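Going left to right, the sequence shown walks through residues 5 to 735 as the numbering used here numbers them.
Glycine residues also receive a C-beta, built at the ideal position from the N, C-alpha and C atoms.
Only a predicted model underlies this, so the values are computations on that prediction, with no experimental measurement involved.
Take a look at the structure set out below.
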Amino acid sequence: MKRLLVLFSFLCLGQAAKSQTGQFLFADQSPPVTINGSVLKYPWAGGMNSPILNEIDLNGDGKLDLVSFDRVGNRLTTYLNTSVGATSSYMYAPEFIALFPSIHDWVRTVDFDCDGDLDLFTYTNNAMGVYRNDFTAGNGLSFSLVTAQVNSVYASGITPVFVTQVNMPALADVDGDGDMDIVTFTNSGNFLEYHKNYSMDSSGTCNGLNFAVEPECWGKFKLSGLTNTALLNQSCSTQRMSSNGDGYEKNRHAGSVLTPFDEGCDGDIDLINGDILGENLLYLENGGTQDTALITFQDTLFPSYNQSVNMQNLPAAYYMDVDNDGIKDMVVTPFATVGEDYNNVYFFKNTGSNCANVFSFVYPRFLIDNMIDIGSASSVAFFDVDNDGKKDIIAGNDYLYNPNPQFQMSKLSYFRNTGTITNPSFELITNDWLNISSLLQFALTPTFGDVDNDGDVDLLMGNADGTLILYKNTAGAGNTPNFVFNAPQYQGIDIGNNSVPQIVDVDRDGLNDLLIGERNGVLNYYRNTGTSSAPAFTLITSNFGGVNVLAIGTVAGYSAPLLFDNGGGYELLVGSESGSIYHYTNIDGNLAGNFTLQDSSYQQIFEPKRVTVAMTDIDGDGKFDLLTGNSAGGFRLYTQSLNSGIANADKGLPYFTLYPNPVSDRLNLKFENPSDGSRLVEVMDIIGNKLISYYASNNYCSLDFSKYSSGVYLVSVKSQGKQFSMPFIKK
5 MKRLLVLFSF LCLGQAAKSQ TGQFLFADQS PPVTINGSVL KYPWAGGMNS
55 PILNEIDLNG DGKLDLVSFD RVGNRLTTYL NTSVGATSSY MYAPEFIALF
105 PSIHDWVRTV DFDCDGDLDL FTYTNNAMGV YRNDFTAGNG LSFSLVTAQV
155 NSVYASGITP VFVTQVNMPA LADVDGDGDM DIVTFTNSGN FLEYHKNYSM
205 DSSGTCNGLN FAVEPECWGK FKLSGLTNTA LLNQSCSTQR MSSNGDGYEK
255 NRHAGSVLTP FDEGCDGDID LINGDILGEN LLYLENGGTQ DTALITFQDT
305 LFPSYNQSVN MQNLPAAYYM DVDNDGIKDM VVTPFATVGE DYNNVYFFKN
355 TGSNCANVFS FVYPRFLIDN MIDIGSASSV AFFDVDNDGK KDIIAGNDYL
405 YNPNPQFQMS KLSYFRNTGT ITNPSFELIT NDWLNISSLL QFALTPTFGD
455 VDNDGDVDLL MGNADGTLIL YKNTAGAGNT PNFVFNAPQY QGIDIGNNSV
505 PQIVDVDRDG LNDLLIGERN GVLNYYRNTG TSSAPAFTLI TSNFGGVNVL
555 AIGTVAGYSA PLLFDNGGGY ELLVGSESGS IYHYTNIDGN LAGNFTLQDS
605 SYQQIFEPKR VTVAMTDIDG DGKFDLLTGN SAGGFRLYTQ SLNSGIANAD
655 KGLPYFTLYP NPVSDRLNLK FENPSDGSRL VEVMDIIGNK LISYYASNNY
705 CSLDFSKYSS GVYLVSVKSQ GKQFSMPFIK K
């Protein structure tokens, strides 16, 4: 099967001849997915809940690409700008994700050092940190920490600029002197602090972070303590400025996003404010000067001249050109971590200019409309719904969040496999399979298996209250399934909260048992102590194998079990709240003991957060494929298939010939396809350590591999958002 294989990770877990898990897994973007007649551009990107969108040039081609940082799970995704002319086209490019530093809570891209590259500003611990963008043509994208704490001179001394996890400041050249200044809300106050950057004043260069707070509150206004509206012409010059907000009214809740831009190109900075106190955007027009800001006009229902934003849980506006016409648009997303999770990325096209902005609402699902996203917290399963011999996908969610009503109950989405045995493709048939929403439940987690040993496969679901729901298959063996609601609170089983069941013959006695994950992170083992025709499930242990995926310092584990036979014995994968997949062995003959934790990050897969797993062979190559769900409601697909030659090559991929193989000293690569730019060549060892990173600008390169020890390695070549990989042996 032809595949676009994007390398995610690699990890050797035993002998390949005996265990399917002794293979590399690669993130697979190739199976097409169709929803409502449209083929998705990046279906397996993983979904979005509360994304912060930023521009940045990922590959050095001069185009501004997109990086999305989802506040739910601190999850990065990257998209290359593939637009030609005044069009809007993006390609999901996960190979750039690993180049970013570890960030959390929020991030903004601003060129603070005036080198033409956008740098990263992000929340650290009660402060704001800065990473410099060190992109070079030879090494590509990289970042270095400038400071973990941006300070400013207050009346009381040098103190960190006040920011929080839920307060994003405005970062812009406020006074027009060429360096980046900061405007942010005071600690628990209604007023804005202006931190002037004195780098240009002191050194004549703009690459410093030398801030001092100005004595007057910026704009001479304050926010209402009840709504996202402004009270103008407020006298605040006599109030003392300090790092803890002394002198200010402390009647605001933390939670705001400030977006700066210059409306009218008059040289002063105007603001858009999103706030926890309202579902609106507040536009604040600066009628003052660069040196003395004065807010003289507000639009409390911005943009009231078109379609006002009405987004629950703190709307955040981002000012960037997303349709590649040279004019900056507005994108609005929820900043809170619980909020709209489906229609949650509003695109307002700027039909005016960068000096006379006119934002016109286009649609509410920018980027998301080209990926699978079923709401919040997808729980995935494979099952042949239509009995055609191909595995389909059934996935539950926690809920869909919409304004009216706020929560739509949990549903099951059915993606039918419309491809072939060797070339799968999927189409969304319904997002409410079996009318499951009528159960009025949250967090439905489906699994399939023959519960009653009658030869056909039944549907069992966990849910938020910790019980199980059974839909019995009445079709009989070999027939197209017919599921009929059979029992709520099946057999009185109740594990507490958020049950995640698997039907599997744990003790290999010929009767299917139950493994059930739960919010606390442990596994419950219910053995079938009944008969083949009358199953009875008895709790054997609520600490099965000593498994516990509750991370230190957290309160939820959300264990999601997948026990499978690798051909030589059982292995166990357990999804978790953290986004890591735990891998256990030493199971057969040790059901009453503690299993061996082989790895707490299986295959280096990390799907923050709340990852669930399903496994099958969807392409008929005799190797398993892994499907993951996550808190953002999307899917990721991983495969063991790896094309190692160039026969029938997709000319869009960066294919290459590798020789000699095995290699003793120099590894030579000859590239088969032309490239518009340099190619990133990376060599990794068997556990994923990056050994070589090299940019090749010609159609040939030679790498010195003499110093490395004998073993299996992998080389990958990335070019123009695509990647091809090949293993080789060092003698």
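When DSSP states are grouped into helix, strand and coil, Cys-269 belongs to the helix group. In the DSSP annotation of this structure, Met-619 is not part of any alpha helix (DSSP H); the continuous beta strand (DSSP E) holding it starts and ends at 616 to 620. Counting the other Cβ atoms within 10 Å of the Cβ of Pro-219 gives fewer than 16, which makes it exposed.
With respect to Leu-543, Ser-503 sits apart: the two C-beta atoms are not nearer than 9 Å. Assigned with DSSP and collapsed to three states, Pro-612 falls in coil, not helix or strand. DSSP links Gln-412 through a beta bridge to Leu-404.
If you compare the alpha carbons of Ser-380, Asn-391, Arg-420, Leu-416 with that of Asp-402, the shortest gap goes to Ser-380. DSSP lists Ile-39 as the beta-bridge partner residues of Ser-42. Between the C-alpha atoms of Asp-181 and Met-132 there is a straight-line separation of about 22 Å. Annotated three-state conformation of Pro-219 is coil, per DSSP.
As computed with DSSP, Cys-705 is found in a beta bridge with Leu-673.
In the pairwise beta carbon analysis, the segment 29 to 42 is classified as not touching the segment 345 to 363: fewer than three pairs are separated by under 8 Å. Distance from the CA atom of Val-170 to the CA atom of Ser-260, rounded to whole angstroms, is 6 Å. Bounds of the beta strand (DSSP E) holding Ser-156 are 155 to 158. Excluding its 5 nearest sequence neighbours in each direction, Leu-630 has C-beta neighbours in its own chain below 7 Å: Leu-29, Val-617, Met-619, Tyr-642, listed in chain order. The beta carbon of Ser-92 is closer than 7 Å to those of Val-326, Asp-327, Asn-328 in its chain, skipping five residues each way along the sequence. Using a Cβ distance threshold of 9 Å, Ile-397 and Phe-639 count as a contacting pair.
DSSP, reduced to helix, strand and coil, places Asp-205 within a helical segment of the structure shown. The beta carbon of Tyr-586 is closer than 6 Å to those of Val-553, Val-578, Ser-604 in its chain, skipping five residues each way along the sequence. For Glu-99, DSSP assigns no beta-bridge partner whatsoever. In this model, Phe-728 and Thr-163 are separated by some 49 Å (Cα to Cα). Using a C-beta cut-off of 8 Å, the segment 417 to 432 makes no contact with the segment 473 to 485, since fewer than three inter-stretch Cβ pairs fall below that distance. Gln-445: not part of any beta strand (DSSP E); DSSP gives it neither H nor E.
Partner residues in the beta bridge of Met-334, as assigned by DSSP, are Tyr-323, Phe-352. In terms of Cα proximity to Ser-537, the closest of Gly-597, Val-716, Tyr-158, Gly-514 is Gly-514. Taking each of Asp-436, Gln-412, Gln-495, Leu-519 in turn and checking the Cα distance to Phe-452, the smallest one comes out for Leu-519.
Here Asn-374 carries a helix assignment [DSSP, helix/strand/coil]. The three-state secondary structure of Tyr-494, taken from DSSP, is helix. By the neighbour-count criterion, in which 16 or more other beta carbons inside 10 Å mark a residue as buried, Gly-271 falls on the exposed side. Annotation for Leu-80: the continuous beta strand (DSSP E) segment containing it runs 79 to 85. Residue pairing from DSSP places Gly-51 in a beta bridge opposite Gly-637. Partner residues in the beta bridge of Tyr-530, as assigned by DSSP, are Leu-518, Leu-543.
Taking every protein chain shown into account, the CB of Pro-505 has 16 or more other CB atoms within 10 angstroms, so this residue is buried.
Uninterrupted beta strand (DSSP E) stretches at least 3 residues long and entirely within the segment 537 to 610 occur at 541 to 545, 564 to 569, 574 to 579, 586 to 589, 600 to 603, given in chain order. Put simply, the segment 692 to 700 does not touch the segment 71 to 83. Fewer than three CB pairs are less than 8 Å apart. Rounded to whole angstroms, Leu-673 and Glu-686 show a C-alpha spacing of 12 Å.
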